[in-house]
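Participant: Before anything else, here's the structure in question.
Protein chains: 2
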Amino acid sequence: MTLGDVARLAKVSVATASRALSAGSPRVSEATRGRIAAAAQSLGYAPNLSARATILGSSALVAVVVSDFLEPAGASVVEGLVARAEAAGMIVTVASADDVRGDAATAVRRLRGLQPSAVVMAGMTTAPSAPLVTELAHFRGLGGRVVYVGQGDADSDRVAVSHRDGAVQLMAALRAQGYERCGVIADESQGQAGRDWLDGILAGAASAGIPSAMMTTLWSQGEREAARASAARLLDERAGVDCIVAATDTMALGALSAVRDAGLTPGRDVGVAGFGDTVDADGVVVGLTSVNLGWEIAGDCAFGLTRSSLTTPQFETVAPFVVLRASALRTTGS
Amino acid sequence: MTLGDVARLAKVSVATASRALSAGSPRVSEATRGRIAAAAQSLGYAPNLSARATILGSSALVAVVVSDFLEPAGASVVEGLVARAEAAGMIVTVASADDVRGDAATAVRRLRGLQPSAVVMAGMTTAPSAPLVTELAHFRGLGGRVVYVGQGDADSDRVAVSHRDGAVQLMAALRAQGYERCGVIADESQGQAGRDWLDGILAGAASAGIPSAMMTTLWSQGEREAARASAARLLDERAGVDCIVAATDTMALGALSAVRDAGLTPGRDVGVAGFGDTVDADGVVVGLTSVNLGWEIAGDCAFGLTRSSLTTPQFETVAPFVVLRASALRTTGS
DNA sequence: TTGTATGCGTTATCAA
DNA sequence: TTGATAACGCATACAA
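Chains V and Y, in that order, are what the protein sequence lines are. For the first sequence, position 311 matches number 311 in the working numbering, and the numbering has no gaps at all. If you count the second sequence from 1, you need to add 1000 to reach the working numbering.
Structure representation (structure tokens):
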């Protein structure tokens, strides 16, 4: 079970066994290396990472603090981070902390005990609290790396997604599809992210050459049915829109219903686009065009920063990308 | 940064400092304890859990291997597990492994190095592979505890959710609402889980006193629109149904659309129920009645088993529960 | 109640 | 190339 057992079985010293099994391959003859590997194999030996970490002062471990695993953003960040980290042979430890449940500072303090090489703070919706910043400063002082995904502080690496850019891209993609009279269903229940979205939609329309007179904006609740009603109004109005963009995928599904209720074919007659790419696209026969904000890539990036050797705080923005599906495809509108 | 620093600042030996800061409070005078705590506080000291684990042979750590963080089941299990574990002062490490990406045996081997006190295998869709079982056997041999959520092997603790029981409960709940002519939309794309569901629906109907002649079953693809079409057929048939149960929430949303298309009010005229409780209930103005399979509770349970001292393999089943919302409420149908 | 000494499993240093 | 030994940070048996 320990390195000593392996060494004894292979009839070598622990030092040699350690060298043979460690990552970099220091001078060990192929013969003994083989014996040691065989011994380790037959014993089912797994190196004690704790002991290793005790010496090296840090472990091949990344800690991530996330507010909610159930939200698409949180889950995606973890998924992306874990995928990258595992490919790099590292282990991820998780902790949850949101403004309600537990305080992030405590979580970090506990995780700090494992001497992770980095801490990733994901999905914090508010600015980091003072105790958290203190805790992270301690961690950083001992050589740890701190990466935020989303909100962050000035001293740390940060990965952000951009609602605004995603919205801009979306309008460009829609314009390229030939849509130009655009109904906009904004979400009154969102905060800054929602405003960024609307800002991007309008800016994107402008730079795509759509005059603002051809944009009709309606504020709606962030619910499916409310959006359906809003979409119905947009379709009723005299100067009929030829596409509808909604602030969330859920709302876009409502809009899709409205389009079909009006006897129109989504995509061909009226384009419909959501935002967030959070809806199971297989769940609707008419695939929903949406914008993937890149949360999963953000997790991936966060891990990348985690391994960076730069000393100044890095700030990366993940590019959102448009996912064109049938609901806004003129060519294959079903 | 180390216990030695704290001890020096508090002018005590490391042994005393260790005693003062350790969990159980062995004999340490209040005065020195105070000094030590103050020193630790001012230094931002966090105990080195690796060193501690090196001595104790195991760490306050639970490892969870999950197939996909993005699926509701995986995310929920992690959420539930983390919540419980943190309340118990433990840390969770995660690894992903599905049949596609990486093999679970490797993941377990790596995690084993951290000497976690338990490993939770969640969301394995196939029976455990031989290498995985070997790996887990090694872990168990060293005093580790293995808990499966979902599929498992005979030697280990296991937590299961029951599609069948959920379906039975659902029929009882619907019957209690007064529904009795039931259209059933089964999902031909699911495997055993789907058969369990149908089995439960029919058994539940029988035990709720609904003759099988009043149950109409249609097989449909697992998509929203396919289910909508199926629901439309059910509503068209002469002996009109007064409620529709669908194998998934996504399909139930399609059924909801069909009900409205028919000019009927969901809940009051025709009840609609999904399964899985995976849909954001706020997303639809008409809340969708569904069955929560209890994945999150399963994660919670898994942690509980993790801490159990019983030596025989435990097997727990999480009770699913019906979430009655407006789509199948006669009283408040909107 | 407190301090000293020993050991946990591993890696790194230095000799052989 | 290999082995003996020190060291990592912490917890505990034992001595004071």
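Glycine residues also receive a C-beta, built at the ideal position from the N, C-alpha and C atoms.
1) Got a sec? Which residues, its chain only, sit under 7 Å from Leu1009(Y) by beta carbon, not counting five neighbours each side?
2) Quick one: which chain Y residues come within Cβ less than 7 Å of Ala53(V)?
3) Thinking C-alpha only, which one of Arg1228(Y), Gly1004(Y), Phe1321(Y), Thr1289(Y) is nearest Ala1298(Y)?
4) Would a C-beta distance cut-off of 7 Å place Ser67(V) and Asp103(V) closer than the cut-off?
5) What is the rounded straight-line gap between the Cα of Arg1035(Y) and the Cα of Arg1019(Y)?
6) Residues in its own chain within less than 8 Å of Leu1114(Y) by CB, not counting five upstream and five downstream?
7) Nearest to Ser22(V) by alpha carbon, out of Pro47(V), Ser117(V), Val120(V), Arg140(V)?
8) Residues in the stretch 1065-1079 of chain Y with C-beta within 7 Å of chain V's C-beta atoms, listed in sequence order?
9) State the Cα-Cα distance for the pair Pro1128(Y) and Ser1076(Y), rounded to the nearest angstrom.
10) If we count Cβ pairs, one from each stretch, closer than 8 Å, do we get three or more for the stretch 1172-1191 of chain Y versus the stretch 1138-1153 of chain Y?
11) On the premise that Asp187(V) lies in contact with Ser220(V), defined as a C-beta separation below 8 Å, what is that separation, rounded to the nearest angstrom?
12) Name the DSSP bridge partner or partners of Glu316(V)?
13) For Thr125(V), decide whether its Cβ has a neighbour in chain Y, counting only Cβ atoms nearer than 7 Å.
14) To which residues of the same chain is Arg1140(Y) closer than 8 Å at the C-beta, ignoring the five residues directly before and after it?
15) In this structure, how does DSSP classify Pro116(V) when only helix, strand and coil are distinguished?
16) Classify Glu86(V) as buried or exposed, calling it buried when 16 or more other Cβ atoms lie within 10 Å of its own Cβ.
17) Who are Asn1350(Y)'s beta bridge partners in DSSP?
18) Spell out the partners DSSP gives Ala1203(Y) in its beta bridges.
19) Is it buried or exposed for Gly290(V), if we count other Cβ within 10 angstroms and need 16 for buried?
20) On a CA-only basis, which of Met124(V), Gln41(V), Pro116(V) is nearest Phe69(V)? Give me that one, please.
21) Which whole-angstrom value is the C-beta distance of Arg109(V) and Glu135(V), which I expect to be below 8 Å?
22) Cα-Cα, which of Ala232(V), Asp269(V), Gly263(V) is closest to Gly254(V)?
23) Which residues mark the beginning and the end of the alpha helix (DSSP H) in which Arg1052(Y) is found?
24) Under the three-state reduction of DSSP, which class applies to Ile1185(Y): helix, strand or coil?
25) Return the CA-CA distance between Met1(V) and Leu56(V), expressed in angstroms with no decimal places.
26) What would DSSP say about Arg1145(Y), mapped onto helix, strand or coil?
27) When the cut-off is 7 Å and only beta carbons count, does Ala60(V) lie next to chain Y?
28) Report the partner residues of Thr1093(Y) according to the DSSP bridge assignment.
29) What in chain Y is Cβ-close to Val82(V), meaning under 8 Å?
30) Would you please verify whether the beta carbon of Ile185(V) is less than 7 Å from any beta carbon of chain Y?
31) Could you name the residues of the same chain whose beta carbon sits closer than 7 Å to that of Gln314(V), not counting the 5 residues immediately before and after it, in chain order?
32) Assign Gly283(V) to one of two classes, buried (16 or more other C-beta atoms within 10 Å of its C-beta) or exposed (fewer than that).
33) Would the C-beta of Lys1011(Y) count as close to the ligand FMN, meaning under 6 Å from any of its heavy atoms?
34) In chain order, what residues of the stretch 1105-1118 of chain Y put their CB closer than 8 Å to some CB of chain V?
35) In chain Y, what lies closer than 7 Å to Gly150(V) by C-beta?
36) Alpha carbon to alpha carbon, how far is Thr1250(Y) from Arg1164(Y)?
Facilitator: Result, derived from the coordinates:
1) To locate residue 1009(Y), count along the second sequence from 1; it is residue 9. Only residues of its own chain outside the window of five on either side were considered, and among them Ala1039, Leu1043 have a CB closer than 7 Å to the CB of Leu1009(Y), listed in chain order.
2) Position 53 of the first sequence, counted from the start, is the residue given in the question as residue 53(V). Within chain Y, the residues near Ala53(V) are Ser1050.
3) Within the second sequence, numbered from 1, the residue matching residue 1298(Y) stands at position 298. Selected option, being the one with the closest Cα: Phe1321(Y).
4) In the first sequence, residue 67(V) corresponds to position 67, counting from 1. In the first sequence, residue 103(V) corresponds to position 103, counting from 1. It is not a contact, given that the beta carbons lie outside the stated cut-off.
5) Here residue 1035(Y) refers to the residue found at position 35 of the second sequence. Here residue 1019(Y) refers to the residue found at position 19 of the second sequence. In a straight line, the C-alpha of Arg1035(Y) is about 13 Å away from that of Arg1019(Y).
6) Indexing the second sequence from 1 puts residue 1114(Y) at position 114. Contacts found: Ala1053, Ser1059, Leu1061, Ala1063, Thr1093.
7) Start at 1 with the first residue of the first sequence, and residue 22(V) comes out as number 22. Minimum Cα distance to Ser22(V) is reached at Pro47(V).
8) If you check each beta-carbon in the stretch 1065-1079 of chain Y against every beta-carbon of chain V, the ones closer than 7 Å belong to Phe1069, Leu1070, Ala1075, Ser1076, Val1078, Glu1079.
9) Within the second sequence, numbered from 1, the residue matching residue 1128(Y) stands at position 128. Within the second sequence, numbered from 1, the residue matching residue 1076(Y) stands at position 76. Looking at the two C-alpha atoms, the distance is approximately 21 Å.
10) Counting Cβ pairs under 8 Å, fewer than three are found: no touch.
11) As a first step, residue 220(V) is located in the first sequence; it is residue number 220 there, counting from the start. As a first step, residue 187(V) is located in the first sequence; it is residue number 187 there, counting from the start. Taking the Cβ atoms as the reference, Ser220(V) lies roughly 7 Å from Asp187(V), within the contact range of under 8 Å.
12) The residue you call residue 316(V) lines up with position 316 of the first sequence. DSSP, once it has assigned bridges, lists Val159(V) as partnering Glu316(V).
13) In the first sequence, residue 125(V) corresponds to position 125, counting from 1. Thr125(V) does not count as touching chain Y.
14) Numbered from its first residue, the second sequence carries residue 1140(Y) at position 140. So the qualifying residues of the chain are Val1146, Asp1155, Ser1156.
15) Taking the first sequence and counting its residues from 1, one reaches residue 116(V) at position 116. In the structure shown, Pro116(V) sits in a strand (DSSP, three-state: E or B).
16) The residue given as residue 86(V) occupies position 86 in the first sequence. Here Glu86(V) is buried, its C-beta having at least 16 other C-beta atoms within 10 Å.
17) Coverage of chain Y is limited to positions 1001 through 1334, which leaves residue 1350(Y) absent and any answer about it impossible.
18) Position 203 of the second sequence holds residue 1203(Y). In the DSSP output, where bridge partners are listed per residue, Ala1203(Y) has none listed.
19) Residue mapping note: residue 290(V) aligns to position 290 of the first sequence, counting from 1. It should be pointed out that residue 290(V) corresponds to Ser in this sequence rather than to Gly. Taking all protein chains shown into account, Ser290(V) has 16 or more neighbouring C-beta atoms within 10 Å of its C-beta and is therefore buried.
20) Translated into positions along the first sequence, residue 69(V) becomes position 69. Here the closest residue by C-alpha is Met124(V).
21) Along the first sequence, read from residue 1 onward, the residue named residue 109(V) stands at position 109. Along the first sequence, read from residue 1 onward, the residue named residue 135(V) stands at position 135. Contact check for Arg109(V) and Glu135(V): beta-carbon distance about 5 Å, within the 8 Å limit, so the pair qualifies.
22) Along the first sequence, one-based indexing puts residue 254(V) at 254. Put simply, of Ala232(V), Asp269(V), Gly263(V) the residue whose alpha carbon is nearest the alpha carbon of Gly254(V) is Ala232(V).
23) Counted from its first residue, the second sequence places residue 1052(Y) at position 52. 1049-1056 is the span of the alpha helix (DSSP H), which, as asked, contains Arg1052(Y).
24) Working through the second sequence from its first residue, we reach residue 1185(Y) at position 185. The three-state reading of DSSP puts Ile1185(Y) in strand, counting E and B together.
25) Against the first sequence, residue 1(V) aligns to sequence position 1. Against the first sequence, residue 56(V) aligns to sequence position 56. Spanning the two alpha carbons is a distance of roughly 21 Å.
26) Within the second sequence, residue 1145(Y) is the residue found at index 145, counting from 1. Correct three-state label for Arg1145(Y): strand.
27) Locating residue 60(V) in the first sequence gives position 60, where the first residue counts as 1. So, not an interface residue.
28) Taking the first residue of the second sequence as position 1, residue 1093(Y) is located at position 93. Listed as beta-bridge partners of Thr1093(Y) by DSSP are Thr93(V), Ala1063(Y).
29) Taking the first residue of the first sequence as position 1, residue 82(V) is located at position 82. Those are Phe1069, Val1094, Ala1095, Ser1096, listed as they occur along chain Y.
30) Mapped onto the first sequence, residue 185(V) falls at position 185. By the rule that beta-carbons nearer than 7 Å mark a contact, Ile185(V) does not touch chain Y.
31) As a position in the first sequence, residue 314(V) is number 314, starting the count at 1. If you ignore the 5 residues before and after Gln314(V), its C-beta comes within less than 7 Å of the C-beta of Asp157, Leu305, Ser308, all in its own chain and listed in chain order.
32) Your numbering for residue 283(V) matches position 283 in the first sequence. With a pLDDT of 46 at Gly283(V), under the threshold of 50, the predicted position of this residue should be treated as unreliable, and no value is reported.
33) Inclusion of the ligand FMN in the displayed structure is not the case, the ligand content being empty and no account of it being possible.
34) If the cut-off is 8 Å between Cβ atoms, the stretch 1105-1118 of chain Y has Ala1107, Arg1109, Arg1110, Leu1111, Arg1112, Gly1113, Leu1114, Gln1115 near chain V.
35) Within the first sequence, the letter at position 150 stands for residue 150(V). Near Gly150(V) there are no residues of chain Y at all, since even the closest Cβ is about 17 Å away, more than 7 Å.
36) As a first step, residue 1250(Y) is located in the second sequence; it is residue number 250 there, counting from the start. As a first step, residue 1164(Y) is located in the second sequence; it is residue number 164 there, counting from the start. C-alpha separation (whole angstroms): 19 Å.
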